[in-house]
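Undergrad:
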RNA sequence: UGGGCUGUCGCCAAGUGGUAAGGCACGGGACUUUGACUCCCGCAUUCGCUGGUUCGAGUCCAGCCAGCCCAA
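In my numbering, the protein residues as written are 460 to 812.
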């Protein structure tokens with residue numbers, strides 16, 4: 460009997476994942492990662508590891524009859540996710556903490572623990588597929604295109620893919636909800652998670668100031684000509700393409716078109732000034748392990764759930780790509796992930812520089 | 001205190017007799033395991049004030065108030 464460590468967040472998806480694998484005859488061990496202290500986060504709401512969610516996960520594990528544990532990864536999460544999150548914003552970029560959490564927590568820390576526990580696999584409720592041909596593992600988009608999460612999994616290595624199960628990748632979200640209803644999981648109708656899990660009220664800028672223990676300095680809003688337009692509330696509170704919350708009235712909508720961490724300025728401009736068609740990507744991972752030999756045309760996804768767009772990708776060094784788009788895109792943002800697809804296969808991904 | 005101009009939602013701004021456009025900002029919702037974007041809904045019974053003309057006035061008239069500009 461194969462042993463699987465199932466990451467159970469307390470939500471519907473991971474609950475059904477555990478149920479399906481148990482039904483398929485795997486020996487499942489349900490695990491919820493405790494990633495932060497609720498007191499620190501001041502959460503009243505359900506997030507991926509509040510006490511309520513742990514209770515939900517435990518309840519489901521008990522119902523389907525699998526072993527259940529809570530692992531405390533608080534220190535790793537602070538170091539690998541929260542700290543990076545803060546540093547990225549402070550450097551003028553816009554991080555995607557979910558990707559770091561997958562990379563450093565679920566598929567590193569938790570994965571390693573699973574292997575130590577003699578598990579054959581780790582499983583999560585992600586919507587993505589893994590296939591294997593001639594000993595090479597491929598990461599593919601989910602069958603339910605609307606829920607596809609392959610984008611946030613681009614960092615997976617051959618080793619990890621060989622020991623990972625994504626049973627939901629073959630399913631529709633509606634089926635998952637049905638199963639949860641049939642099994643009377645108490646989270647069957649729970650709302651899909653949203654917001655950053657460690658910033659449940661959505662105010663990440665306030666969280667960062669609390670985390671750092673000090674306010675970020677105010678600075679100037681300027682236009683593309685360098686003229687002052689007003690005062691911003693700290694560079695970390697803005698991201699490229701942002702329109703709301705600028706507090707500046709103008710003839711037409713204004714967007715954040717650039718951030719300069721060194722000068723502590725935020726540049727505002729029109730929608731037209733947001734478009735660009737060239738950028739670089741670093742910190743790469745190639746799913747199949749192979750670098751790109753020549754300039755190649757792939758489909759690029761430049762932010763979570765964005766449409767894929769054609770891109771001419773050139774590898775400029777071992778760990779960097781240059782990307783030329785055929786059609787300019789709005790708000791290409793430093794710190795976000797760029798993931799490249801060949802059809803339904805993830806080829807590689809990295810961080811936009 | 002001579003002349004000229006202006007006064008419509010927090011900001012910008014349509015409207016020149018027929019019963020208050022729009023944009024920005026703001027609030028709410030949808031979407032969403034990141035931040036954003038996007039979409040939907042809401043947002044002046046009232047047009048500096050007071051009278052008058054008119055069936056009807058933000059729109060015309062008078063006076064007043066406030067602000068700006070030019071002269072002194």
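Glycine included, each C-beta is placed from N, C-alpha and C at the ideal position.
Just list the alpha helix (DSSP H) runs in the region 708-753, keeping only unbroken ones of 4 residues or longer that don't cross its boundaries, in chain order.
TA: Those alpha helix (DSSP H) runs which fall completely within the region 708-753 and span 4+ residues do not exist here.
Undergrad: Just to confirm my understanding: we take residue 658, look at its own chain, exclude 5 residues before and 5 after, and list those with CB closer than 7 Å. What are they?
TA: In the first chain, counting from the first residue as 1, residue 658 sits at position 199. Here the set comprises 666.
Undergrad: Are residue 733 and residue 682 touching if we call contact CB-CB under 8 Å?
TA: Taking the first residue of the first chain as 1, we reach residue 733 at position 274. Taking the first residue of the first chain as 1, we reach residue 682 at position 223. Their beta carbons are not under 8 Å apart, which means residue 733 does not touch residue 682 by this criterion.
Undergrad: Residues bridged to residue 781 by DSSP?
TA: Taking the first residue of the first chain as 1, we reach residue 781 at position 322. Paired residue(s): 739 and 773.
Undergrad: Does residue 590 come out as helix, strand or coil in the three-state DSSP assignment?
TA: Position 131 of the first chain, counted from the first residue, corresponds to residue 590. Correct three-state label for residue 590: strand.
Undergrad: Tell me which same chain residues have a C-beta within less than 8 Å of the C-beta of residue 786, skipping the five on either side of it?
TA: Here residue 786 refers to the residue found at position 327 when the first chain is read from its first residue. Same-chain partners within the cutoff: 736, 768 and 769.
Undergrad: For residue 626, tell me which candidate among 595, 646, 617 and 588 has the shortest Cα-Cα distance.
TA: Within the first chain, numbered from 1, the residue matching residue 626 stands at position 167. Ranking 595, 646, 617 and 588 by Cα distance to residue 626 puts 588 first.
Undergrad: How would you write the range of the alpha helix (DSSP H) that residue 836 sits in, first residue to last?
TA: This structure does not reach residue 836, given that the chain is present from 460 up to 812, and the question cannot be answered.
Undergrad: Identify, in the order they occur along the chain, each residue of the same chain with its Cβ nearer than 7 Å to the Cβ of residue 552, setting aside the five sequence neighbours on each side.
TA: Here residue 552 is taken as the residue at index 93 of the first chain, counted from 1. Here the set comprises 793 and 794.
Undergrad: Got a sec, what are the start and stop residues for the alpha helix (DSSP H) residue 668 sits in?
TA: Taking the first residue of the first chain as 1, we reach residue 668 at position 209. Looking at the DSSP string, the run of the alpha helix (DSSP H) that includes residue 668 is 663-671.
Undergrad: Spatial neighbours of residue 522 within its chain, please: C-beta separation below 6 Å, excluding the five flanking residues on both sides.
TA: Stepping through the first chain from its first residue, residue 522 is reached at position 63. Excluding residues within five positions, none has a Cβ falling inside 6 Å.
Undergrad: Assign residue 762 to buried or exposed, taking buried as 16 or more other Cβ atoms, counted over all protein chains shown, within 10 Å of its Cβ.
TA: Stepping through the first chain from its first residue, residue 762 is reached at position 303. Buried, since its Cβ has 16 or more Cβ neighbours within 10 Å.
Undergrad: Relative to the C-alpha of residue 608, which residue among 812, 810 and 798 is closest?
TA: Your numbering for residue 608 matches position 149 in the first chain. The candidate whose alpha carbon is nearest that of residue 608 is 798.
Undergrad: Who are the near neighbours of residue 563 in its chain, counting only those whose CB is closer than 6 Å to its CB and skipping five residues on each side?
TA: Residue numbering aside, residue 563 sits at position 104 when the first chain is read from its first letter. Excluding positions up to five away in sequence, the list reads 539.
Undergrad: Below 8 Å, how does it come out for the region 611-627 and the region 589-598: are there three or more Cβ pairs, yes or no?
TA: Flag = yes, the region 611-627 and the region 589-598 touch.
Undergrad: Since residue 751 contacts residue 772 with CB under 8 Å, what's their CB separation in whole angstroms?
TA: For this step, residue 751 is matched to residue 292 along the first chain. For this step, residue 772 is matched to residue 313 along the first chain. With 8 Å as the limit, residue 751 and residue 772 qualify as a contact, their Cβ atoms being about 6 Å apart.
Undergrad: Hey, how far is the Cα of residue 702 from the Cα of residue 711?
TA: Indexing the first chain from 1 puts residue 702 at position 243. Indexing the first chain from 1 puts residue 711 at position 252. One C-alpha to the other measures close to 11 Å.
Undergrad: Quick check on DSSP: helix, strand or coil for residue 463?
TA: Here residue 463 corresponds to residue number 4 of the first chain, with the count starting at 1. Strand at residue 463.
Undergrad: Do you know offhand how far residue 512's Cα is from residue 645's?
TA: Stepping through the first chain from its first residue, residue 512 is reached at position 53. Stepping through the first chain from its first residue, residue 645 is reached at position 186. One C-alpha to the other measures close to 11 Å.
Undergrad: According to the Cβ coordinates, are residue 516 and residue 469 closer than 8 Å?
TA: Indexing the first chain from 1 puts residue 516 at position 57. Indexing the first chain from 1 puts residue 469 at position 10. Result yes, Cβ atoms of residue 516 and residue 469 sit closer than 8 Å.
Undergrad: May I have the straight-line CA-CA distance separating residue 674 from residue 695, to the nearest angstrom?
TA: For this step, residue 674 is matched to residue 215 along the first chain. For this step, residue 695 is matched to residue 236 along the first chain. Distance between the alpha carbons of residue 674 and residue 695: 10 Å.
Undergrad: How is residue 635 classed by DSSP in three states: helix, strand or coil?
TA: Working through the first chain from its first residue, we reach residue 635 at position 176. Residue 635: helix per DSSP, three-state reduction.
Undergrad: List, from N- to C-terminal side, the beta strand (DSSP E) runs of 3 residues or more that fit wholly inside the region 498-584.
TA: Counting only runs of 3 or more, we get 526-531 and 580-582.
Undergrad: Can you tell me which of 684, 691 and 493 puts its alpha carbon nearest to the alpha carbon of residue 664?
TA: Within the first chain, residue 664 is the residue found at index 205, counting from 1. Per the Cα distances, 691.
Undergrad: Would DSSP call residue 478 helix, strand or coil?
TA: Position 19 of the first chain, counted from the start, is the residue given in the question as residue 478. In the structure shown, residue 478 sits in a helix (DSSP, three-state: H, G or I).
Undergrad: Looking at the secondary structure, which residues open and close the alpha helix (DSSP H) in which residue 618 lies?
TA: Within the first chain, the letter at position 159 stands for residue 618. Here the alpha helix (DSSP H) through residue 618 covers 617-621.
Undergrad: Whole angstroms are fine: how far does the CA of residue 613 sit from the CA of residue 746?
TA: Counting from one through the first chain, the residue named residue 746 turns up at place 287. Counting from one through the first chain, the residue named residue 613 turns up at place 154. Rounded to whole angstroms, residue 746 to residue 613 spans 7 Å at the Cα level.
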